[in-house]
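Residue numbers (our numbering): 141 to 357.
All C-beta atoms in this analysis are idealised placements derived from N, C-alpha and C, irrespective of residue type, glycine included.
All values reported here derive from a predicted model rather than from experimental measurement.
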Amino acid sequence: MQFFLDTGMIDEIKQALDWGILDGVTTNPSLIAKTGRPFMEVVKEILKLVDGPVSVETVANDAKGMVEQGKRLAELGDNVVVKIPMTPEGIKAVQELESEGIPTNVTLVFSPVQALIAGKAGASFVSPFVGRLDDVSNDGMKIVRDIVQIFNNYEIDTQIIVASVRHPMHVLEAALIGADICTMPFDVMKKLFHHPLTDRGIELFLKDWEKVPQRPF
Ligand code: E4P
């Protein structure tokens, strides 16, 4: 499973790249707003750092506007993925952009059938929002399971990005289900490394190492 960071923060992206576990980045207008920086400045900086797919969201309501914005974004780099909301106009835009070789990511997906529509439209990626579903007492991961089954049934090759991730259990479940990608906030990625028994084990080994005679280093 690929790991994407869901962020607009450059320092977070640099840290994940340094760990060597970053496959791509997803952004949205809220994440860009959090940086307090101009939109294009942030996007260009992310694209300079990251080789893998970088999703950047359009903000128009109609297909024409989404396509226009999508084309402008795609000019910024070969790895730009145009994020399009799951609406009838969005699905029209997806078909047009994909027909011109511009990859799209259908976002704000909250049901398996919405994902099926995105797949039928030929979207490169689809983003089910698991955390926001959990927030309203739904089972977010269930729709990921359903989407995997539907895509297998019909050999749809749209990649599934598990999004709106809140904690490491979401990442574990995404991997067990076989989702292609999990996009997560930086604090969740950091938590994936840790286990209290790992910390305790290192402490004990280092303590015992002190007792070993003639240590080479
Ligand atoms: C990613 O593509 C989404 O924009 C993001 O995961 C949404 O997450 P949130 O529900 O934490 O805002």
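query: Does the beta-carbon of T227, which I'm using as the reference point, lie nearer than 7 Å to any heavy atom of ligand 1?; result: no
query: Under three-state DSSP, which class holds S304?; result: coil
query: Out of V246, P353, A261, state which residue places its alpha-carbon closest to the alpha-carbon of I296.; result: A261
query: Straight-line CA distance for P169 to V199?; result: 8 Å
query: Using only the heavy atoms of ligand 1, determine whether one of them is closer than 7 Å to the beta carbon of R272.; result: yes
query: Am I right that A263 and I287 are in contact with their C-beta atoms under 8 Å? What's the rounded C-beta distance?; result: In fact, because the Cβ distance is near 12 Å, the residues do not count as touching under 8 Å.
query: At which residue ranges does the segment 182-251 contain complete alpha helix (DSSP H) runs of 4 or more residues, listed in the order of the chain?; result: 203-214, 228-239
query: Among F179, D218, E229, G259, which one has its Cα closest to the Cα of G241?; result: D218
query: For the segment 201-210 and the segment 168-184, state whether three or more C-beta atom pairs, one from each stretch, are separated by less than 8 Å.; result: no
query: Excluding sequence positions up to five away, which residues of its chain have a Cβ less than 6 Å from the Cβ of A214?; result: V220, I242
query: Is the separation between the beta-carbon of M226 and that of V194 shorter than 8 Å?; result: no
query: Please work out which residues of its chain come closer than 6 Å, Cβ to Cβ, to F265, disregarding the five sequence neighbours upstream and downstream, and give them in chain order.; result: N245, Q299, I301
query: When every heavy atom of ligand 1 is checked, does at least one fall within less than 7 Å of the C-beta of D168?; result: Note that residue 168 is Asn in the sequence shown here, rather than Asp. At least one heavy atom of ligand 1 is nearer than 7 Å to the Cβ of N168, so yes.
query: Closest to G148 by C-alpha separation, out of T167, L157, I342, would be which residue?; result: T167
query: Just checking my contact of R272 with I317 at CB under 8 Å: how many whole Å lie between their CB atoms?; result: About 18 Å separates the two Cβ atoms, so there is no contact after all.
query: Return the CA-CA distance between G280 and P325, expressed in angstroms with no decimal places.; result: 17 Å
query: Since A303 and S267 are thought to touch, with beta carbons under 8 Å apart, how far apart are those beta carbons, to the nearest angstrom?; result: 4 Å
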